[in-house]
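Read left to right, the sequence shown gives residues 886 to 1101 (my numbering).
The C-beta atom is built at its ideal place from N, Cα and C for all residues, glycine as well.
These notes are about the structure you will find just below.
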Amino acid sequence: MSSDHLRSRLVLGSRSPRRVELLSQLISRNSFEVVVAPDESEPEFDGCRILDEILIHLAGIARLKNERVWSILRADSSPLILTADTTVIAPANPPVVLGKPDGPDWQKRVRDWFCRFYFGRTHLVATAICLREPSGTLREAVVQTEVTFCDTDDQLLEWYLTTEDSLGKAGGYGIQSAGGIFVTEIQGSLSNVIGLPLKETFDFLQPWLTNPTHVH
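Here is the structure:
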């Protein structure tokens, strides 16, 4: 159940409709607004060779998004600003970060990801969240979830590619939509895979709720 009241204005710095939906499970939709900084280019992880470096870089992306939104709003009364970034990390040496497939060859790329990294294997989904408080204090966390896919099923994969569900999604699949058909096991937060870990987000927002005991 969502709470209607915050003791400070809240801004969600994300264009993702999935994050809007998830945040609306914690607080009512009319309790926050969406402001997106103009530069939302796909992040690069080329210099990251180990998992810890990827997670640190991911946290930096969420922080940078927050700073960009703050730079737009700084003339306004100090709001709470929440930003996040999600990535999919495939097990390899070094680990492989799988971004959002696009371009004319996106189907070929997603097919390769499924065959090399997904089918019959477990991969990691990580979301970094950053909350800027009115005082300027940053609260940050990186949440990890392990996702296991079914064994190879070429027919199912070809059907999935026709849905175009891969487009615009980190790792090339949506666990909350048609992509969930491949999932056999999840260790950790499902909402984290979708794009916003609800437990950690609520923990960050709880001090600012006027009636936190009503939120479940």
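Can V973 and V1010 be called in contact, C-beta distance under 8 Å? Between V973 and V1010, the CB-CB gap stays under 8 Å.
F1034 bridges to which residues according to DSSP? V1068.
Over the uninterrupted alpha helix (DSSP H) stretch that includes V1010, give me the two end residues. Note, V1010: premise wrong, no alpha helix (DSSP H); beta strand (DSSP E) at 1007-1017.
In the DSSP output, what is I974 paired with across the bridge? DSSP output for I974 lists V982, L1009 as bridge partner(s).
Do L966 and R1017 have their C-beta atoms within less than 8 Å of each other? Inspection of the sequence shows that residue 966 is occupied by Ile rather than by Leu. Closer than 8 Å, so yes.
On a CA-only basis, which of V896, S1062, C933, L1052 is nearest R847? Give me that one, please. Only positions 886 to 1101 of the chain appear in the structure, and residue 847 is not among them; the question remains open.
Per DSSP, what are the beta-bridge partners of T968 in this structure? Under DSSP, the beta-bridge partners assigned to T968 are C1015.
Who are the Cβ neighbours of L1023 in its own chain at under 8 Å, not counting the five residues just before and after it? If the five residues before and after L1023 are omitted, its C-beta is found closer than 8 Å to the C-beta atoms of R948, N951, C1015, L1016, R1017, all from its own chain and listed in chain order.
Counting along the chain, where does the alpha helix (DSSP H) carrying V896 start and finish? First-last for V896: 895-897, but that is the beta strand (DSSP E), not the alpha helix (DSSP H).
So, for Q992: in the same chain, excluding its five sequence neighbours on each side, which residues have a beta-carbon less than 7 Å away from its beta-carbon? Counting only residues of its own chain and dropping the five nearest sequence neighbours on each side, Q992 has a CB closer than 7 Å to the CB of L1046.
Ordered along the chain, which non-local residues of its own chain (more than five positions away) have a Cβ less than 7 Å from that of K985? Taking K985 as the centre and dropping the five residues before and after it, the same chain places the C-beta of E927, G1053, K1054, A1055 closer than 7 Å to its C-beta, in chain order.
Residue span of the alpha helix (DSSP H) that contains E929, given as start and end: Unbroken run through E929: none, as it is neither H nor E.
Straight-line CA distance for I939 to D987? Spanning the two alpha carbons is a distance of roughly 22 Å.
Between the C-alpha atoms of R914 and N978, what's the straight-line distance to the nearest angstrom? If you draw a straight line from the Cα of R914 to the Cα of N978, it comes to about 42 Å.
Smallest Cα separation from E929: which of V919, S916, A944? Scanning V919, S916, A944 for the CA closest to the CA of E929 turns up A944.
For V919, report the span of its beta strand (DSSP E) as first-last. That run of the beta strand (DSSP E) goes 917-919.
Going by the DSSP bridge assignment, what does H1024 pair with across the sheet? Sequence inspection shows Arg at residue 1024; the His mentioned does not correspond to that position. In the DSSP secondary-structure assignment, R1024 is bridged to L1016.
Judging by CA-CA distance, which residue of A1026, S1062, H1008, I1071 is the nearest neighbour of P980? Of A1026, S1062, H1008, I1071, the residue nearest in Cα terms is H1008.
8 Å Cβ cutoff met for V954 and T968: One thing to note: V954 has its Cβ within 8 Å of the Cβ of T968.
6 Å Cβ shell around E918 - same chain, five flanking residues per side excluded: Excluding sequence neighbours, E918 sits near V896.
When DSSP labels each residue in this structure, what does I941 get in the three-state scheme? In the structure shown, I941 adopts helical secondary structure according to DSSP, grouped into three states.
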